[in-house]
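Comments concern the structure below.
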Amino acid sequence: EVQLVESGETLVQPGRSLRLSCTTSGFTFGDYALSWVRQAPGKGLEWVGFIRSNIYGGTAEYAASVKGRVTISRNDSKSIAYLQLNSLTAEDTAMYYCCRVGSNYGDYFDYWGQGTLVTVSS
Amino acid sequence: DIQTTQSPSSLSASVGDRVTITCRASQSISSYLNWYQQKAGKAPNLVIYAASNLQSGAPSRFSGSGSGTDFTLTITNLQPEDFATYYCQQSYSTPFTFGPGTKVNI
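Taken in order, these protein sequences are the chains called A and B. Just so you know, our numbering puts the end of the first sequence at 135, numbered straight through with nothing missing. Just so you know, our numbering puts the end of the second sequence at 157, numbered straight through with nothing missing.
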């Protein structure tokens, strides 16, 4: 069974940094890209970024709203993906989801974690 | 960046109804369009990928169509568990963008 579990800080002060982990199981981690999607309270879904599998160079791409503040990385030996987001503001308050990226035709998010709610507040 | 819009933003329907939701992309995205269902308090769930392919485990009453800029998600014989918010998402190019969502109400 494919599983993704997000974990990390849930309350962060403005201006500080956040690091979330996505621990996975049930599939060959190294074969897949991983993505992060967030959802502010009461709002829609926002793609944050993704990291390709090392088969395709392990490179990452990011949304403009977080570019320059974000790093997505992966540890294939531990089957974990990470999201680091710096210089947090209240606008970063959201549920953060980790997703596996399927690619049978185009890219799509075929498995999701349950999400972790991050609140940016002093 | 490619923008995606959805219509309507919300709709009311009854069990057994046929429901259609439209998604439009700001430029041609071939068939690189996915649909997700999100129930309140839960993570989204992939329903349709590549415009018309039913995700494994999704009920056959869900179907998708379209290519280029205009796409449709159709739910036939609406069931109580289908009341949720539906999002389209383009994967033609990054940044991958989601539509604003369509809430299907009872």
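Where is the CB? At the ideal position from N, CA and C, for every residue including glycine. Because the structure is a prediction, the values reported are computed rather than measured.
7 Å Cβ shell around A:R29 - same chain, five flanking residues per side excluded = Position 16 of the first sequence, counting from 1, holds the residue named residue 29 of chain A. Correct list, in chain order: L101.
ask   = Who are the Cβ neighbours of A:R51 in its own chain at under 6 Å, not counting the five residues just before and after it?
value = On the first sequence, position 38 is the one that residue 51 of chain A refers to. Excluding residues within five positions, the ones whose Cβ falls inside 6 Å are E59, V61, A107 and Y109.
key: 6 Å Cβ shell around B:F134 - same chain, five flanking residues per side excluded   = As a first step, residue 134 of chain B is located in the second sequence; it is residue number 83 there, counting from the start. Within the same chain, B:F134 has close Cβ partners V155 and I157.
inquiry  = Under DSSP, the beta strand (DSSP E) around B:S58 begins and ends at which residues?
reply    = Here residue 58 of chain B refers to the residue found at position 7 of the second sequence. Its beta strand (DSSP E) spans residues T55 to S58.
task = Return the residues of the segment 105-122 of chain A that lie within a Cβ-Cβ distance of less than 8 Å from chain B, sorted by chain order.
result = Y110, G115, N117, Y118, G119, D120, Y121 and F122
key: Where A:F63 falls: helix, strand or coil (DSSP)   = Walking along the first sequence from the start, residue 63 of chain A turns up at place 50. Strand, per DSSP.
inquiry  = Quick check on A:F40: does DSSP put it in helix, strand or coil?
reply    = Locating residue 40 of chain A in the first sequence gives position 27, where the first residue counts as 1. If DSSP states are grouped into helix, strand and coil, A:F40 belongs with coil.
ask   = Helix, strand or coil: which one does DSSP assign to A:Y118?
value = Taking the first residue of the first sequence as 1, we reach residue 118 of chain A at position 105. Three-state result, A:Y118: coil.
ask   = Closest by CA to B:Q54, which one among B:N128, B:T120, B:T125 and B:T136?
value = The residue labelled residue 54 of chain B in the question sits at position 3 within the second sequence. That would be B:T120, whose Cα lies nearest to the Cα of B:Q54.
task = Starting from B:Q141, trace the beta strand (DSSP E) both ways and give me its first and last residue.
result = Here the question's residue 141 of chain B lines up with position 90 in the second sequence. Here the beta strand (DSSP E) through B:Q141 covers T136 to Q141.
ask   = Based on Cα-Cα distance, which residue from A:L24, A:V83, A:I64 and A:S78 lies nearest to A:R113?
value = Here residue 113 of chain A corresponds to residue number 100 of the first sequence, with the count starting at 1. The shortest Cα separation from A:R113 among A:L24, A:V83, A:I64 and A:S78 belongs to A:I64.
B:G117 - containing beta strand (DSSP E), residue span = Numbered from 1 along the second sequence, position 66 holds the residue referred to as residue 117 of chain B. B:G117 -> beta strand (DSSP E) spans F113 to S118.
ask   = Is there at least one Cβ from chain B nearer than 8 Å to A:W49's Cβ?
value = Along the first sequence, read from residue 1 onward, the residue named residue 49 of chain A stands at position 36. No, because no Cβ of chain B sits closer than 8 Å to the Cβ of A:W49.
Opening and closing residue of the beta strand (DSSP E) in which B:T125 lies = The residue labelled residue 125 of chain B in the question sits at position 74 within the second sequence. Counting along the chain, the beta strand (DSSP E) containing B:T125 begins and ends at D121 to I126.
message = For chain B, check one thing: does any of its Cβ atoms lie closer than 8 Å to the Cβ of A:G128?
response = The residue you call residue 128 of chain A lines up with position 115 of the first sequence. Yes - at least one Cβ of chain B is within 8 Å of the one on A:G128.
request  = Establish whether the CB of A:E14 and some CB of chain B are separated by less than 8 Å.
outcome  = Residue 14 of chain A sits at position 1 when you count from the first residue of the first sequence. No, because no Cβ of chain B sits closer than 8 Å to the Cβ of A:E14.
ask   = In chain B, which residues lie less than 7 Å from A:A199 when you measure between Cβ atoms?
value = The displayed coordinates of chain A run from 14 to 135. Any statement about residue 199 of chain A would go beyond what the structure contains.
ask   = When the cut-off is 8 Å and only beta carbons count, does A:G39 lie next to chain B?
value = As a first step, residue 39 of chain A is located in the first sequence; it is residue number 26 there, counting from the start. Answer no: the Cβ-Cβ gap between A:G39 and chain B never drops below 8 Å.
query = List, in order along the chain, the chain B residues whose C-beta lies closer than 8 Å to that of A:E59?
reply = Counted from its first residue, the first sequence places residue 59 of chain A at position 46. Those are F149, listed as they occur along chain B.
request  = Would you mind sorting A:T94 into buried or exposed? The rule is 16 or more other CB atoms within 10 Å of its CB.
outcome  = In the first sequence, counting from the first residue as 1, residue 94 of chain A sits at position 81. In the sequence on display, residue 94 of chain A carries Ala and not Thr. Burial call: buried.
key: C-beta contact flag for A:E14 and A:T129 at 8 Å   = Mapped onto the first sequence, residue 14 of chain A falls at position 1. Mapped onto the first sequence, residue 129 of chain A falls at position 116. Not closer than 8 Å, so no.
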